[in-house]
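Chains as they are written, first to last, in my numbering: chain A, 1343 to 1679; chain B, 1343 to 1679; chain C, 1343 to 1679; chain D, 1343 to 1679. Here is the structure we will look at.
Here it is in structure tokens:
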């Protein structure tokens, strides 16, 4: 930790600060420059709250040098984490495509989509039972019935299922019913939910918040891991920027950056990132080319009748085309898709 | 609702779309221009999902003309809503300052701060019992004990209390213990929590999410109001932008914009918006000058020993100074503070 | 300057880096912590390019501690700069309102607006002769004729004039004709223009770029000042964010932040920041309450016939109302308007 | 154009507005809905300034349906534009890599880098002679001498050269000396420069501004094309967002979006977008996979001694590796690199 001091700091103030730091068992080195002076603090610096130091009026700035996350950090765990979902591996070179409708609507719809995405090469079935909608008046999902239908689709196809949780009350139910529990972008910092998921043993698909930094995404993963559950799959799904042509801006750089900072698998969601079906194909390819461990893609047999987000859903035949193109791309990149 | 069609749309496609719209009991007017053609849709357009229309390949864009919120809208409720908290009114010309520490730390701290902010002119006591911290390793608040201490401070001073809820499991407890339940920025779109708070009868202080648009903030309020609870106080607390000198950017324009769009009271939180105590004074004045119905400000007797966010806390004497300046400012603006 | 090194840095690499630093006449202190090690560099650190250091593969991050601007910095020039424009002072407690139409359209228009804003209390007349329009097909201003008309309005009213320059070819002409040369947001980092304006002796009104940080704004001022011209007035005019209700987001915090970092005067432009005339009044008040040294406001006698930006222009009677309110506000704040 | 009216608009006001619209030779259809009423305007709607309409107090919002650009629009020019630079084609399926140092430093440096990037497969040599630096105290480029050295490198290798212009005074010189004139991000809306470049016949490499929307980028291209020069190559180089881990955020979606909206070639600049050399490889691949017509990449033989931006420069051997990987990737995508 580096503490930059104001120009007019007094000797007495510096001594006061050093004393406080030392009382916490840390070492403070005072370095005076021509124009600015700093304290370099060594030791377990997370014992000190930044705000505490910054609230001294003679302190100009506090700079943290250590990453605030541990269990999620590659420095503490150099090898890629590989997560096994009923025999399907993700991470460490294993690339997985998850696909399915935005929301589960009825038995026929979910089973038929499940079959067609499986045939095209998807390994995991996605489907929303509880839907986070901006409007309280919009369709909120089939809820418990949706989970039942997903289970039927799993039975018919053998595909593991991933679905979004919106309330910590339902954790037990989700643990029982689904294979991966999804935490949506809007709940990325719902710390109550994260803590409770950390007590389970289920793989968690954690989506990046709309305006979360890469570090905050890792800290959200850390909340889950701190509780004992280290099966976290990260998902870049577009961040909020000033550009309005696309719904959000897919932060493609986040893929190689996360690969360097963490050992957890990283996938992207090109459907939600852009909100437009015709952008899903190029952004899926770009994600894989940038090193993503997988994709989560919306597929609907009749997008014009979808109860939500039809505009971003691929038809099964377009999804098949994409999968075929991804397989060729994968072979050029030495990645099996 | 305006539906803009692609240049190469066929007559058959247009007829298909008109039929679908009419089946929902709406009227569609087809208008063809020189370079672009549109369908104007009249009636209860929220019966149609935008995504449904956008997923037709011959549709270029769908533009909504009606605001998606109702109960929060000033068109449906022209007069200012005034919320009464144990006799203290907020909204409709009643300006209220809430103040207190970031987190409750011990009996002496909370009672002494409560007394000093009351003396300076604050009407409501704020204090965190449950704290949303970026790191799972940071102090998470005194939790239930914090609520007890807040109640003691209320007993000693008579000030109503406001505190943040982080889990829907605790709604009953909060309804019983506090006078205003705060929903933090990170939970602004925790729809499960909002729905459940809509079933209560408590005033809710709803903070704008870090990257929430003004419309999304109003839709979050609508979630609460749709459940039957119309006692919502909105709070602008800084939005996330590219500027890093301040923690967030206080969107001062949101105050007059919200005043126009909604009848709900609007306050600002200059402490969290900036993260720096020396910015609280000018931004408090700017908020009141722009028409805010109040402020929520962090005050700590010993900021350097605060367990969280000391850097943004005012000392009681600085808070007193600010209140005195606000009173003079208020009189120039015909606002009683 | 703090140089954070990678975990696996070798002794040889550190020695290499220290040698390079010392060759530039600087001192490097090596500090090794438990988890991270750093080099603290003392002396004229701006002799080192950050990129040079960052390009060593064993360097993790370079952190600058010194502000990169000098002439614009309050540390080098503690007293407020006061700029005198034909006897009208701005800065150091002198608050000035500039007003006038977006663009000069004809003699009658500019003279009549000039007279009415003067009567209401504006001290300086603004008017665009060259207009930066997003579209090449939009009205680009009356150009040279516009400058002539501005001069006539000055003659009639005695008000100094401010107008925007768009080409360095016209510097001589602008120096001769106007009293303050405005650099628009889009040209804030047109370094060629800034350098050439630095060679003149005219006051410069420098607008913050749409996505410029506060530091970049100060560096743009530094470009002008480095050439010898220290008469720079800074202008906050809204930054680009994800919020689309307003055209831009007025960064009100920038006012007190700039007051702390620099001695130059700071004004705001609420008309361009918001794009809506009904937001000009509350944001003008907020700016003054936050400590701004002035305002620049668009006024048009017939906004519906304005050749540009009519939607954000106040009518003269609304401007008069605003000025009257600002005078009352100013007296509460001990500021003469 | 759709004009949405306020709820309380009067019949007289509507008639007034219709009259104004009809006087401009346009047709206005009045459509009244249950909750909102609109005017649909047909004809050459760019004859009307939006601001003019928006300044009527009874107008709520004006929505443009037509794209504001013409010459750059794919609707007006459906086939891809192919630009020929001394026999090297870009666009319409022709993919080109440009490479070279951030700035030209000396003869040996530029010639040796030119040779090595050519050997690796780059087709065009980049090199800065005039450098837009945030600080007036930083190295500003070798200027005219830099252009001479670039010409020597072209002579030695036969590679066309691209270099950034910063002042319209130098257009004649650049037209004579270089093969592609680059307009940097900071000058994307330097309309004076764009207009003057529109009068030349040189290919222009137009970089997207740091906070420019896709539409604004196309409008900047339109400025050049309106002058008669339709040889514009667009370049996505990262936009400014709240994420600070990377210098900017490469907006990968802009590639397929621009492919749909315009016929002009689109390349990306992964070096400037990220500011980190180790991100250039994955982002180059992602760009090509998303459909980019090329790349512009910084290469330096001794990044640690580069006079600018060393941290983002690839060493020649890393560039060779990247080119080899891109060739394999290209063959999977049916793109020749």
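Glycine is no exception: its CB is placed at the ideal position from the N, C-alpha and C atoms.
Going along chain B, which residues have a C-beta under 8 Å from residue 1568(A)? Here residue 1568(A) is taken as the residue at index 226 of the first chain, counted from 1. Here the neighbours are 1478, 1479.
Report yes if the CB atom of residue 1579(B) is closer than 8 Å to the CB atom of residue 1527(B), and no otherwise. By one-based count along the second chain, residue 1579(B) stands at place 237. By one-based count along the second chain, residue 1527(B) stands at place 185. For residue 1579(B) and residue 1527(B), yes; Cβs fall inside 8 Å.
For the alpha helix (DSSP H) that contains residue 1359(A), what are its first and last residues? Counting from 1 along the first chain, the entry for residue 1359(A) is found at position 17. It spans 1353-1365 - the alpha helix (DSSP H) in which residue 1359(A) sits, taken as one unbroken run.
Just to make sure I have the definition right: I need the residues of chain D whose C-beta is within less than 7 Å of the C-beta of residue 1552(C). Which are they? Locating residue 1552(C) in the third chain gives position 210, where the first residue counts as 1. Chain D residues near residue 1552(C): 1553.
Using a 10 Å radius around the Cβ and a threshold of 16 neighbouring Cβ atoms, would you call residue 1382(A) buried or exposed? Counting from one through the first chain, the residue named residue 1382(A) turns up at place 40. The residue in question, residue 1382(A), is buried, as its Cβ has 16 or more Cβ neighbours within 10 Å.
In chain order, what are the residue ranges of uninterrupted beta strand (DSSP E) at least 3 long that sit wholly in the segment 1600-1624 of chain D? 1608-1610
Neighbourhood of residue 1650(B) by C-beta distance below 8 Å, restricted to the same chain and skipping five residues each side: Along the second chain, read from residue 1 onward, the residue named residue 1650(B) stands at position 308. These residues qualify, in order along the chain: 1444, 1445, 1470, 1473, 1475, 1480, 1481.
So residue 1650(D) contacts chain C; which residues on that side make the cut at Cβ distance below 8 Å? Walking along the fourth chain from the start, residue 1650(D) turns up at place 308. Simply 1391, 1393.
If you draw a straight line from the C-alpha of residue 1558(B) to the C-alpha of residue 1642(A), how long is it? Numbered from 1 along the second chain, position 216 holds the residue referred to as residue 1558(B). Numbered from 1 along the first chain, position 300 holds the residue referred to as residue 1642(A). Between residue 1558(B) and residue 1642(A), the C-alpha separation is close to 27 Å.
Residues of its chain near residue 1652(C), where Cβ-Cβ distance is below 7 Å and the 5 sequence neighbours each way are ignored: By 1-based counting over the third chain, the position of residue 1652(C) is 310. Once the five neighbours on either side are set aside, the close Cβ partners of residue 1652(C) are 1642, 1645, 1646.
Between the C-alpha atoms of residue 1565(B) and residue 1467(C), what's the straight-line distance to the nearest angstrom? By 1-based counting over the second chain, the position of residue 1565(B) is 223. By 1-based counting over the third chain, the position of residue 1467(C) is 125. Answer to the nearest angstrom: the Cα atoms are 48 Å apart.
Which first and last residues belong to the alpha helix (DSSP H) in which residue 1402(D) is found? Translated into the one-based positions of the fourth chain, residue 1402(D) becomes position 60. Segment 1401-1405 is the beta strand (DSSP E) holding residue 1402(D); no alpha helix (DSSP H) there.
When the cut-off is 8 Å and only beta carbons count, does residue 1584(C) lie next to chain A? Taking the first residue of the third chain as 1, we reach residue 1584(C) at position 242. Cβ-Cβ to chain A under 8 Å: yes for residue 1584(C).
Among all the DSSP beta bridges, which residues are the ones paired with residue 1346(A)? Mapped onto the first chain, residue 1346(A) falls at position 4. Note: residue 1346(A) sits in a beta bridge opposite 1380(A), 1403(A).
Are the C-beta atoms of residue 1674(D) and some chain A residue less than 8 Å apart? The residue labelled residue 1674(D) in the question sits at position 332 within the fourth chain. Output row for residue 1674(D): interface = yes.
Quick one: give me the first and last residue of the alpha helix (DSSP H) that residue 1557(A) is part of. Here residue 1557(A) refers to the residue found at position 215 when the first chain is read from its first residue. Unbroken alpha helix (DSSP H) run through residue 1557(A): 1556-1568.
Pull up the distance between the alpha-carbon of residue 1349(B) and that of residue 1402(B), whole angstroms please. In the second chain, counting from the first residue as 1, residue 1349(B) sits at position 7. In the second chain, counting from the first residue as 1, residue 1402(B) sits at position 60. Residue 1349(B) and residue 1402(B): Cα-Cα distance of roughly 9 Å.
Starting from residue 1462(D), trace the alpha helix (DSSP H) both ways and give me its first and last residue. Here residue 1462(D) refers to the residue found at position 120 of the fourth chain. From DSSP, the alpha helix (DSSP H) with residue 1462(D) extends over 1449-1462.
Endpoints, alpha helix (DSSP H) assigned at residue 1431(B): Within the second chain, the letter at position 89 stands for residue 1431(B). Premise fails: residue 1431(B) lies in the beta strand (DSSP E), 1430-1432, not in any alpha helix (DSSP H).
Cutoff 8 Å; reference residue 1618(D); Cβ partners in own chain excluding five residues on either side: One-based indexing of the fourth chain puts residue 1618(D) at position 276. Contacts found: 1588, 1589, 1653, 1654.
Could you tell me which residues DSSP pairs with residue 1372(D) in its beta bridges? Sequence index remark: in the fourth chain, residue 1372(D) carries index 30 (1-based). Answer by DSSP bridge pairing, in chain order: 1381(D).
By the 9 Å beta-carbon criterion, what residues does the segment 1641-1667 of chain D contribute toward chain A? 1667
Let me know the beta strand (DSSP E) ranges lying completely inside the segment 1481-1557 of chain C, each 3 residues or longer, listed in chain order. 1503-1507, 1522-1525, 1546-1549
For a cutoff of 8 Å on Cβ pairs, would you count residue 1624(D) as touching chain A? As a working note, residue 1624(D) is residue 282 in the fourth chain. Residue 1624(D) counts as touching chain A.
Tell me, please, whether the CB atom of residue 1492(B) is closer than 8 Å to any CB atom in chain C? As a working mapping, residue 1492(B) is identified with position 150 in the second chain. No, no contact with chain C.
Between which two residues does the beta strand (DSSP E) containing residue 1426(C) stretch? On the third chain, residue 1426(C) is found 84 positions in, with the first residue counted as 1. 1425-1427 is the extent of the beta strand (DSSP E) around residue 1426(C).
For residue 1632(D) and residue 1628(A), believed in contact at Cβ under 8 Å, the rounded distance: In the first chain, counting from the first residue as 1, residue 1628(A) sits at position 286. In the fourth chain, counting from the first residue as 1, residue 1632(D) sits at position 290. Confirmed, Cβ separation roughly 4 Å.
Buried or exposed by the 16-neighbour rule on C-beta atoms within 10 Å, applied to residue 1550(D): Indexing the fourth chain from 1 puts residue 1550(D) at position 208. The residue is buried, with at least 16 neighbouring Cβ atoms inside 10 Å.
CB contact flag (residue 1516(A), residue 1523(A), <8 Å): Walking along the first chain from the start, residue 1516(A) turns up at place 174. Walking along the first chain from the start, residue 1523(A) turns up at place 181. In contact: residue 1516(A) and residue 1523(A) (Cβ atoms closer than 8 Å).
Residue 1440(A) - partner residues in DSSP beta bridges: Residue numbering aside, residue 1440(A) sits at position 98 when the first chain is read from its first letter. According to DSSP, which records beta bridges pairwise, residue 1440(A) is partnered with 1466(A), 1638(A).
C-alpha gap between residue 1612(A) and residue 1639(A), whole angstroms: As a working mapping, residue 1612(A) is identified with position 270 in the first chain. As a working mapping, residue 1639(A) is identified with position 297 in the first chain. Each residue's Cα considered, the two are about 7 Å apart.
Cα-Cα separation between residue 1416(D) and residue 1605(D), rounded to whole angstroms: On the fourth chain, position 74 is the one that residue 1416(D) refers to. On the fourth chain, position 263 is the one that residue 1605(D) refers to. Cα to Cα, the separation comes out at about 5 Å.
Own chain, CB closer than 6 Å to residue 1453(C), minus 5 neighbours either side, in chain order: Your numbering for residue 1453(C) matches position 111 in the third chain. 1495, 1498, listed in sequence order.
I'd like the list of long-range same chain contacts for residue 1427(B), defined as Cβ closer than 8 Å, with 5 residues on each side in sequence excluded. The sequence position of residue 1427(B) within the second chain is 85, counting from 1. Correct list, in chain order: 1466, 1502, 1521, 1522, 1545.
Say the cut is 7 Å; is the CB of residue 1444(D) nearer than that to a heavy atom of the ligand COA? For the ligand COA, the structure offers nothing, since it holds no ligand at all.
The segment 1411-1422 of chain C: positions lying closer than 9 Å to chain A by Cβ: 1417
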